[in-house]
Each structure stands twice: as structure tokens, then as C-alpha cells.
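J.:
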Amino acid sequence: MKRFFLGFAVVSLLLAGVVSYFADSNPDGLDHVTEEHGIAEHAREHPLGEWPLADYALGGDDRFTGLAGVLGVVLTLAVAGGLFWLLRKRPDTRADVKSDVKSEVG
Amino acid sequence: MVRVSEPVAMHMSDGLLNAPTSLLFVAVAVAGVGVALAKARGDLDDRTAPMAGLVAAFVFAAQMLNFPVLPGVSGHLLGGALAAILVGPWVGALCVTIVLVVQSLFFADGGVTALGANVTNMALVGTAVGYLTAVALRRLAARNKGGLAVVAFVSALVNTVLASFGFVLEYAIGGQGGVAFGTVAAAVLGVHVLIGIGEGLITAVTVTAVAAARPDLVYLLRGVPQKLELRA
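These protein sequence lines map, in sequence, to chains P and Z. Each number in my numbering corresponds to the 1-based position in the first sequence with 5 added. Each number in my numbering corresponds to the 1-based position in the second sequence with 24 added.
1. Enumerate in chain order the residues of its own chain whose CB-to-CB distance from Z/L241 is below 8 Å, with the five nearest sequence positions on each side excluded.
2. Are the beta-carbon atoms belonging to Z/A180 and Z/A105 less than 8 Å from one another?
3. What residues of chain Z sit near P/V24, judged by a beta carbon separation below 7 Å?
4. Could you tell me whether the Cβ atoms of P/A21 and P/V84 are closer together than 8 Å?
5. Let me check you understand the geometry: is the CB of P/D33 closer than 7 Å to at least one non-hydrogen atom of the ligand NAP?
6. Would a check of beta-carbon distances place Z/F189 closer than 8 Å to chain P?
7. Since Z/V83 contacts Z/C119 with CB under 8 Å, what's their CB separation in whole angstroms?
8. Would P/S30 be called buried (16 or more neighbouring beta carbons within 10 Å of its own) or exposed?
9. Does any residue of chain P have a CB that is nearer than 8 Å to the CB of Z/F131?
10. Does any residue of chain P bring its CB to less than 8 Å from the CB of Z/I122?
11. Since Z/V143 contacts Z/A53 with CB under 8 Å, what's their CB separation in whole angstroms?
12. Using a Cβ cut-off of 8 Å (strictly closer), state whether Z/T207 contacts chain P.
13. Give a yes or no on whether the C-beta atoms belonging to Z/A187 and Z/V149 are separated by under 8 Å.
14. Exposed or buried, Z/N168, counting other C-beta atoms within 10 Å across all chains shown (16 or more means buried)?
15. Give every residue of the same chain whose Cβ lies closer than 7 Å to the Cβ of P/V110, excluding the five residues on either side of it in the sequence, and list them in chain order.
16. Can you tell me whether Z/L194 is buried or exposed, with buried defined as 16 or more other CB within 10 angstroms of its CB?
17. Between Z/G116 and the rest of its own chain, which residues show a CB-CB distance below 6 Å, the 5 nearest in sequence each way excluded?
18. Mind listing, in chain order, the continuous alpha helix (DSSP H) runs of no fewer than 4 residues lying wholly within the region 35 to 97 of chain P?
19. P/E40: which of Z/I226, Z/V212, Z/V229, Z/R246 sits nearest, CA to CA?
20. Run through chain P and tell me which residues come within less than 8 Å of Z/P74, C-beta to C-beta.
21. Assign Z/L101 to buried or exposed, taking buried as 16 or more other Cβ atoms, counted over all protein chains shown, within 10 Å of its Cβ.
22. Taking C-beta pairs closer than 9 Å, name the residues in chain P that Z/P92 reaches, listed in chain order.
23. At what residues does the beta strand (DSSP E) containing Z/G99 begin and finish?
24. Relative to the alpha-carbon of P/V38, which residue among Z/H35, Z/P44, Z/V159 has its alpha-carbon at the smallest distance?
25. Please look up how many angstroms separate the CB atoms of Z/G103 and Z/A86, rounded, as I've assumed it's under 8 Å.
26. Looking at the structure shown, is Z/V242 part of a helix, part of a strand, or coil, going by DSSP?
27. Straight-line CA distance for Z/R162 to Z/G170?
28. Is any beta-carbon of chain Z found at less than 8 Å from that of P/L72?
29. Taking a cut of 7 Å between CB atoms, which residues from the region 134 to 147 of chain Z lie near chain P?
30. In the DSSP assignment, the alpha helix (DSSP H) including P/F27 goes from what residue to what residue?
31. Could you tell me whether the Cβ of Z/A237 comes closer than 8 Å to any Cβ of chain P?
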């Protein structure tokens, strides 16, 4: 089980850290449509547009996309993993469930 | 002078929807994520919680990988169907929500006031329809690897197209620029059918790879009798 989880994490890190350099930099479908029809003119600059990690770069330098990606994967794993770990059912809390629940129909 | 940021991902920027519409979908997103938070608990234990964290991290990584769909146009995974098939609809919706929040607040990808609409489309609508499609086809998914691949592909395609339809509806309710509903719908849905094919392929490859290694970690297959396992 540990090996599978480790492998899954490594795949994500490689995708964000290495394969991301080969991503298509053309606008995606939604950006393309909103640009084409003049909707994107109404877009406001992101409040964090000047933030060092904006657009998956480091200070606007695309050469660090992989590093930004790895940071994002680690951050997402920490936030999501932390939340899910806190939310999970613990074996000891299961004991609190009323024992008169008639769910064990054999 | 405003620096024009390079568009890299299918997330709405701020300003495409008017303020009341943005707020409306913030409310929709908060309500939906609240329900998911309440329901997710039942699907999380010592084994599935780490898996769910890894699924979120994988969706973040995969969303960076724009693939070409037309000359000058790209697309990327949204991940709702993928997450729902692997960790269930409630946890899956939370996975995509966390990805969108991290992208918006740390990578300036997707607006902040637009976060409500983006969460509604990709984390709630996409995950829900992707999961419902997968459940409708669950017997095929349990049959063999090919069946699972087909179900993952179709669920992901439906997820992408209907998530993009979320944008079309939001734009119709309170979009800026006054472009006609039919025009937006045709353009957005057309390109997202193509993106959905890419989403379907990535989802099929990922889900079958997980199922090959750890079938017990595929939420969709839980409790479904596998073909060779006859239950008395």
C-alpha cells in the first residue's frame, strides 16, 4: 500500500515538475472562446497577478514552471491530505455509534 | 499598464460575470462544498484519506498539462469524473475544489470572485455528472479492464462538456459583453467536446492503472461483484 501511494505521488511530481514543460501554451478552450468573442476584454487582472508564483512561474520566469508545479503538488497534497485526514472516520469514534443500529442483517 | 497574463488553464477570470452573478455562484459553491464536506466523512478512513489527498495532487499536476485540441487552442483535464470514480463524488468534489482554490490563491490561475463559478462548474457540476454517468454504467465498469476504460472515458467526456455548459449558463445569467446565448453555447460546447475526448483518455488511462494495481482503491468498483467473484 505504501509503495502504491509513493508511486502515485512520484507520478504527480513528475507530471507537474517535468512533463509540464511540454504543455501546449496556447489558450485553452474557454480562454479562446472568450477572446474570440470579446468577452475577455472584461476580464480583470488577477489580484495576485504580480505574485511570484503567478501563472506557474517563478517571478514571471517560465524556466521555473517545473518548480512551481512541484510546489503546487506539495501544497495541494498538504491541504487536501490534511483536510481528509482530519475528516476521516477513526476506528475509536465508530464505537460511539449506537450499538442498537440494526444494520447487520446477515 | 496591466500585464496581460498568459492564459494557461480553463478557469474563468474575474470580471467575465457581473458582481451579483459572481456572488450568486459563490453562494452555490459554498452550499455545495458544505454538503460535500458533511457527506465526505463517510467515505474517508485511514486508507482512503491518503488516497484522496494524492488524487487531489494528481489533478493539480494533470491540470497543468494543456494538450492541443485545435490549431491555436488547447485544453486540459478538469478531473471531476476521475476523482469521483477513484474516491467517490463527495470527496472527489472536495479534491477538485481544493485544486481550484490553490490555483487561484497561489498561482493566479482563475479569478478570486470567479472562484464560486469555477468551483460550481468544475468541482460540483463536473464531478456530479461524471459520477452519475459512471454509476449508470457501473456494471460495464465491473466487467473487465476495457469496460472500466470505456466507462471512465464516457464519464469524463460528459463531465467536461457539462462543466463547460455551466459557464454558458452563468454567462447567460450575468455575463459581460452581451454575446448571444446561442453563440456562446455553440462555441464553448463545440471546443469542450474535443477537450472532453482528451479528458476521457487521461481519465481512462489513470483509472485503469489504479484499478490494475489496487482495485480496492477504486470507489466505483466497491461493493460491485466482479465478474469472476460469484456471491452466494
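We treat Cβ as the ideally placed atom computed from N, Cα and C, and that holds for glycine.
T.: This is what the structure holds:
1. Position 217 of the second sequence, counted from the first residue, corresponds to residue 241 of chain Z. Cβ neighbours of Z/L241 beyond the five flanking positions: R71, T72, M75, L110, V234.
2. What you label residue 180 of chain Z is simply residue 156 of the second sequence in a count that begins at 1. What you label residue 105 of chain Z is simply residue 81 of the second sequence in a count that begins at 1. A contact, by the Cβ cut-off of 8 Å.
3. Counting from one through the first sequence, the residue named residue 24 of chain P turns up at place 19. Simply L89.
4. If you number the first sequence from 1, residue 21 of chain P lands on position 16. If you number the first sequence from 1, residue 84 of chain P lands on position 79. No, the Cβ-Cβ distance between P/A21 and P/V84 is not below 8 Å.
5. With respect to the ligand NAP, the structure shown offers nothing to examine, as it has no ligands at all.
6. Numbered from 1 along the second sequence, position 165 holds the residue referred to as residue 189 of chain Z. So, not an interface residue.
7. Counting from one through the second sequence, the residue named residue 83 of chain Z turns up at place 59. Counting from one through the second sequence, the residue named residue 119 of chain Z turns up at place 95. Sure, about 6 Å apart at Cβ, within 8 Å.
8. Your numbering for residue 30 of chain P matches position 25 in the first sequence. With fewer than 16 Cβ atoms within 10 Å of its Cβ, P/S30 is classed as exposed.
9. Walking along the second sequence from the start, residue 131 of chain Z turns up at place 107. Yes, Z/F131 lies at the interface with chain P (some Cβ there is under 8 Å from its Cβ).
10. Taking the first residue of the second sequence as position 1, residue 122 of chain Z is located at position 98. So, interface residue.
11. Counting from 1 along the second sequence, the entry for residue 143 of chain Z is found at position 119. Counting from 1 along the second sequence, the entry for residue 53 of chain Z is found at position 29. Indeed, because the Cβ distance is near 4 Å, the residues count as touching under 8 Å.
12. Position 183 of the second sequence, counted from the first residue, corresponds to residue 207 of chain Z. Chain P, which has a Cβ nearer than 8 Å to the Cβ of Z/T207, makes this yes.
13. Translated into the one-based positions of the second sequence, residue 187 of chain Z becomes position 163. Translated into the one-based positions of the second sequence, residue 149 of chain Z becomes position 125. It is a contact, given that the beta carbons lie within the stated cut-off.
14. For the purposes of this step, residue 168 of chain Z is taken as the residue at position 144 of the second sequence. Z/N168 is exposed by the Cβ-count criterion.
15. Taking the first sequence and counting its residues from 1, the one referred to as residue 110 of chain P is at position 105. Because the pLDDT of P/V110 is 44, which lies under 50, any placement of that residue in the model is unreliable, and the number read from its coordinates should be weighed accordingly. Same-chain partners within the cutoff: there are none.
16. Mapped onto the second sequence, residue 194 of chain Z falls at position 170. Here the sequence assigns Glu to residue 194 of chain Z, which means Leu is not the residue at that position. Buried: at least 16 other Cβ atoms inside 10 Å.
17. Residue numbering aside, residue 116 of chain Z sits at position 92 when the second sequence is read from its first letter. Hits under 6 Å: A107, A108, T151.
18. 70 to 92
19. For the purposes of this step, residue 40 of chain P is taken as residue 35 along the first sequence, with counting starting at 1. Of the candidates Z/I226, Z/V212, Z/V229, Z/R246, Z/V212 places its Cα closest to the Cα of P/E40.
20. Residue 74 of chain Z sits at position 50 when you count from the first residue of the second sequence. Residues of chain P passing the Cβ test: F10, G86, F89, W90.
21. Here the question's residue 101 of chain Z lines up with position 77 in the second sequence. Z/L101 is buried by the Cβ-count criterion.
22. Here residue 92 of chain Z is taken as the residue at index 68 of the second sequence, counted from 1. Ordered by position in chain P, the residues that pass the 9 Å Cβ test against Z/P92 are D29, N31.
23. For the purposes of this step, residue 99 of chain Z is taken as the residue at position 75 of the second sequence. Where Z/G99 is concerned, the enclosing beta strand (DSSP E) stretches over 97 to 99.
24. In the first sequence, counting from the first residue as 1, residue 38 of chain P sits at position 33. Considering only alpha carbons, the answer is Z/H35.
25. If you number the second sequence from 1, residue 103 of chain Z lands on position 79. If you number the second sequence from 1, residue 86 of chain Z lands on position 62. Going by Cβ atoms, the distance from Z/G103 to Z/A86 rounds to 6 Å, so yes, they are a contact pair.
26. Indexing the second sequence from 1 puts residue 242 of chain Z at position 218. Of the three classes helix, strand and coil, the one that applies to Z/V242 here is coil, per DSSP.
27. Counted from its first residue, the second sequence places residue 162 of chain Z at position 138. Counted from its first residue, the second sequence places residue 170 of chain Z at position 146. The straight-line gap from Cα to Cα measures roughly 13 Å.
28. The residue you call residue 72 of chain P lines up with position 67 of the first sequence. No, its Cβ sits nowhere closer than 8 Å to a Cβ of chain Z.
29. G135, V136
30. Position 22 of the first sequence holds residue 27 of chain P. Per DSSP, P/F27 belongs to no alpha helix (DSSP H) and is neither H nor E.
31. Here the question's residue 237 of chain Z lines up with position 213 in the second sequence. Yes - at least one Cβ of chain P is within 8 Å of the one on Z/A237.
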